[in-house]
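K.L.:
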Amino acid sequence: MRTPKFSDSMSFWLAFTHFLLAAMLGSTMNFACAGEIFTLMSNDFAEGGKIGTQQVFNSAGCNGANRSPALSWRNAPAGTRSFAITVFDRDAPGRGWWHWAAANLPARVTSVPENASASGALSKLGSVEARNDFGVDGYGGPCPPPGKPHRYVITVHALRVDALPLAQGRPAALFDHEIEDAELGRAQLTVNYGR
Numbered sequence: 260m261r262t263p264k265f266s267d268s269m270s271f272w273l274a275f276t277h278f279l280l281a282a283m284l285g286s287t288m289n290f291a292c293a294g295e296i297f298t299l300m301s302n303d304f305a306e307g308g309k310i311g312t313q314q315v316f317n318s319a320g321c322n323g324a325n326r327s328p329a330l331s332w333r334n335a336p337a338g339t340r341s342f343a344i345t346v347f348d349r350d351a352p353g354r355g356w357w358h359w360a361a362a363n364l365p366a367r368v369t370s371v372p373e374n375a376s377a378s379g380a381l382s383k384l385g386s387v388e389a390r391n392d393f394g395v396d397g398y399g400g401p402c403p404p405p406g407k408p409h410r411y412v413i414t415v416h417a418l419r420v421d422a423l424p425l426a427q428g429r430p431a432a433l434f435d436h437e438i439e440d441a442e443l444g445r446a447q448l449t450v451n452y453g454r
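Each residue of the sequence shown is one higher than the one before, starting from 260 at the first, in the working numbering.
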């Protein structure tokens, strides 16, 4: 029986270490080359910032302009065939409050201008909008009860389908369900508003 020599053992460990390094570097390089992070931006506010009066609701004791925010996004996941946008108040009593849900934005679209909801810009793109929890189709800005500020989660969803089977004016919660079923990825901003 042959006893292993130091050089045999050393050769094995060198080869094994080389293999591990190659595997680790290869996976790191693949990860780095896989693409950038799906990112959402707005000229109207920054992550963690405060929503301005232009986006605040214009009823129920609130005196804003009720203009949907300007949004832009980049680095959507591969395979994205359409987008959806949602705005949700996670601090509202109960199960939260839907302020906006729009779906079926074509994959070529990477931004929406301020007031895209009321101006008709979304409908010109073939998009449909949900009935928000104020009972109005389209965007309904923040209008929390007086007290502690609420957090509003603005999300652009990258979808794997060209269009969701949704009609204008359906409830926002139904939009959310369909969006989640077809979602490839999401980019979010969380902003605050209180009165």
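Ideal Cβ positions, reconstructed from N, Cα and C, are used throughout, including at glycine.
If you run the structure through DSSP and keep just helix, strand and coil, what is Thr287?
P.N.:
Bear in mind that the predicted position of Thr287 carries a pLDDT of just 29, short of 50, making it too unreliable to give a figure here.
K.L.:
The alpha helix (DSSP H) spanning Leu443 covers which residue range?
P.N.:
Note, Leu443: premise wrong, no alpha helix (DSSP H); beta strand (DSSP E) at 442-452.
K.L.:
Output the distance between the C-alpha atoms of Gly311 and Ala422, rounded to the nearest integer angstrom.
P.N.:
Cα to Cα, the separation comes out at about 32 Å.
K.L.:
Give the range of the alpha helix (DSSP H) segment to which Leu423 is assigned.
P.N.:
No alpha helix (DSSP H) holds Leu423; DSSP gives it neither H nor E.
K.L.:
Taking the beta carbon of Gln314 as the centre, do at least 16 other beta carbons fall within 10 Å, making it buried, or is it exposed?
P.N.:
Classification of Gln314: buried, given that the 10 Å Cβ count is 16 or more.
K.L.:
Measure the Cβ-Cβ separation of Ser301 and Pro336 and say whether it is below 7 Å.
P.N.:
Taking 7 Å as the Cβ cut-off, Ser301 and Pro336 do not qualify as a contacting pair.
K.L.:
Are the segment 409-428 and the segment 340-350 in contact at 8 Å, needing three or more beta carbon pairs?
P.N.:
A contact exists between the segment 409-428 and the segment 340-350.
K.L.:
Report back the beta-carbon spacing between Ala360 and Asp440 to the nearest angstrom; my notes put them in contact at under 8 Å.
P.N.:
About 14 Å; that fails the 8 Å criterion.
K.L.:
Determine the extent of the alpha helix (DSSP H) in which Ser378 is found, giving its start and end residues.
P.N.:
That run of the alpha helix (DSSP H) goes 375-378.
K.L.:
For my contact list, Leu425 and Ser370 are in at a C-beta cut-off of 8 Å; report their separation, rounded to the angstrom.
P.N.:
Not really, about 22 Å apart at Cβ, beyond 8 Å.
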